[in-house]
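No gaps in the numbering here: position 98 of the sequence shown is 98 in the UniProt record's numbering, and each next residue is one more.
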Amino acid sequence: MASLTAFPIYPFLFLAISGCFLLHLPPLMASSLGINYGQIANNLPSPDAAISLIKSLGVSKVKLYDASPQVLHAFANTGVEFVVGLGNEYLSKMRDPDNALQWVKTNVKAYLPQTKITCITIGNEVLTFNDSSLTSNLLPTMQSIYTALQNLGLEKQVSVTTAHSLAILETSYPPSSGAFRRDLKNCIIAILNFHLKTGSPMLINAYPFFAYKANPKQVGLDYVLFQPNQGVLDPSTNLRYDNMLFAQIDAMHTAMANLGFKRVCVQVSETGWPSKGDEDELGASLENAKKYNGNLIKLVNEKKGTPLRPNLDLNVYIFALFNENLKPGPASERNYGLFKPDGTPAYQIPGAAGKSSAGNVTGGTSSGGGSGGPSSSDDQSSSDGAPSGYLSISAASKLSYGGWSSMLYLQGLLLCACLCWFLLSFSDMNSISNCMPPKQYSAFEIKSVDEEEDKRMTESSRVRER
């Protein structure tokens with residue numbers, strides 16, 4: 001048999017190494033983008049039908065506001081990561097360790113590993129309900145659920161957190177002045193200590209729409225829709241912000257850093273824009289919703305952080321998957337969905353399914369007129385007018401593979417391994433580089449609005465889905 005060492009194998013070596021990268025097939029969309037799956041409606045498609053809609057968006061993470069057995073069963077073996085929720089109404093009961101353990105067994109462990117549950121949110125916007133009972137039960141319940149996960153050996157794969165309204169901030173403009181409300185400071189410090197200890201993220205519900213609706217003369221529409229604009233300069237840091245969402249996020253970063261918690265990550269558990277609203281809901285329109293969500297998806301896929309944290313991989317959950325016809329409040333509350341109940345898109349989003357649009361999303365008029373803005377039913381405003389919203393985000397930051405993508409990925413690695421073995425066995429080369437898949441890691445400016453509007457938003461937020 002002829003010696004293979006004389007054979008020109010270097011082209012094949014190049015092919016083998018290149019194959020590792022060419023056959024490494026990540027999900028179509030950035031793993032840091034998720035969708036909220038609310039179900040306050042009587043006309044939604046089945047969870048099985050929702051699977052194809054979610055996959056058409058290219059997202060690999062879904063956030064629920066409960067632990068729906070129908071949804072969790074339907075998504076088994078799909079590779080989709082889930083955030084499940086424990087509603088505000090259960091906090092007093094679930095602070096008991098025995099009840100917490102049973103809840104985790106029934107609503108989390110029972111679905112693992114077929115359904116990828118990676119995070120549990122405890123309550124929603126609890127601290128801004130001004131309910132002393134809810135507030136006093138929040139952290140103990142978080143601790144009890146986490147202890148239950150530890151007892152079941154699940155604490156390393158499932159995190160525990162809670163989502164906050166931006167109303168926990170006393171000041172948010174400019175971002176460098178971000179500070180928590182003084183009456184909530186001690187409670188927030190205790191929660192941040194929990195995040196630091198367990199490695200879970202700080203979740204915020206951020207809705208620039210409410211800022212624009214409350215004060216359209218002072219808040220520029222292009223600024224809140226991620227459209228080209230001059231931006232706003234923070235005089236303390238000399239950082240320029242060209243969109244409100246990033247300014248809001250950095251206000252939260254600043255508030256946490258001022259308390260000594262620079263290492264706790266911030267993730268956006270809810271953000272979105274309604275495609276329709278009442279006559280007095282300025283800014284709520286199909287074109288504005290298309291621009292907001294389309295440009296947001298493009299930004300997340302570009303994997304650019306905020307001005308204050310440029311290397312931060314943003315984690316954002318868009319609100320919401322469907323329009324929900326039974327949600328109370330103004331018309332906008334029932335029109336946040338990317339899809340109509342019949343499964344047709346509420347509007348087409350350039351950049352969905354992982355394809356970034358060439359530029360910012362435009363089209364149609366960008367005037368703030370038309371059918372209005374957000375419903376306050378799930379939003380709350382901070383003391384300086386920072387409106388909040390409705391959404392949650394997974395603490396899981398791993399890149400997930402599922403279905404055919406997973407098979408192709410594994411086949412690529414096997415092919416690469418075989419080629420590398422062949423070359424090492426029949427050549428006098430001494431070494432070859434290992435081909436390993438990359439590890440992926442998981443992520444407010446607003447001028448003051450009238451105090452009256454602030455209170456109205458906070459009060460109306462109580463009717464939102466928890």
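Every residue gets a Cβ at the ideal spot worked out from N, C-alpha and C, and that includes glycine.
- Within 10 angstroms of the beta-carbon of K291 lie 16 or more other beta-carbons, which makes it buried.
- Within a 10 Å sphere around the beta-carbon of S172 sit 16 or more other beta-carbons, which makes this residue buried.
- In this structure, N295 lies near F226, with their beta-carbon atoms less than 9 Å apart.
- Around the beta carbon of K156, fewer than 16 other beta carbons sit within 10 angstroms, so the residue counts as exposed.
- Collapsing the DSSP output to three states places R309 in coil.
- Secondary structure note for Q102: its alpha helix (DSSP H) is the uninterrupted segment P97 to N107.
- For Y212, the uninterrupted alpha helix (DSSP H) segment begins and ends at P208 to A214.
- Approximately 21 Å separates the beta-carbon atoms of T141 and A167; this is outside 8 Å, ruling out the contact.
- Secondary structure at V224: helix, using DSSP grouped into helix, strand and coil.
- A distance of 9 Å or more separates the beta carbons of D131 and S176.
- Here A190 is exposed. Its C-beta has fewer than 16 other C-beta atoms within 10 Å.
- By DSSP's assignment, E81 forms a beta bridge with K61 and K116.
- In this model, Q218 and T135 are separated by some 34 Å (Cα to Cα).
- DSSP, reduced to helix, strand and coil, places P175 within a helical segment of the structure shown.
- Listed as beta-bridge partners of T271 by DSSP are I318.
- By the 16-neighbour rule on beta-carbons within 10 angstroms, Q150 is exposed.
- Between C119 and S159 the beta-carbon gap is near 5 Å, inside 8 Å, which marks them as a contact.
- In this structure, the beta-carbon distance from I40 to L326 falls below 9 Å.
- Between A100 and T147, the C-beta spacing is below 9 Å.
- Counting only the Cα atoms, K116 lies some 9 Å from V108.
- Of the residues P69, N215 and L312, the one whose Cα lies closest to the Cα of P47 is P69.
- G283 and Y336 do not touch by the CB rule: their CB atoms are close to 13 Å apart, not below 8 Å.
- Within the same chain, and ignoring the five residues on either side of A49 in sequence, the residues whose Cβ sits closer than 7 Å to its Cβ are G343.
- Cβ atoms of V71 and G34 stay farther apart than 8 Å, at about 14 Å.
- Short of 6 Å from the beta carbon of A74, and not among the five residues preceding or following it, lie these beta carbons of its own chain, in chain order: P47 and D48.
- The continuous stretches of beta strand (DSSP E) do not include A148, which lies in the alpha helix (DSSP H) extending over residues S132 to N151.
- Cβ neighbours of N229 within its own chain (closer than 7 Å, five residues either side excluded): G220, D222, Y223 and D242.
- A Cβ-Cβ contact shorter than 9 Å links S275 with N323.
- Distance from the CA atom of F209 to the CA atom of G277, rounded to whole angstroms, is 12 Å.
- Here the alpha carbon of S56 sits roughly 15 Å from the alpha carbon of I318.
- Put simply, the backbone Cα of E170 is about 32 Å away from that of L338.
- Per DSSP, G329 lies in no beta strand (DSSP E) segment and is marked neither H nor E.
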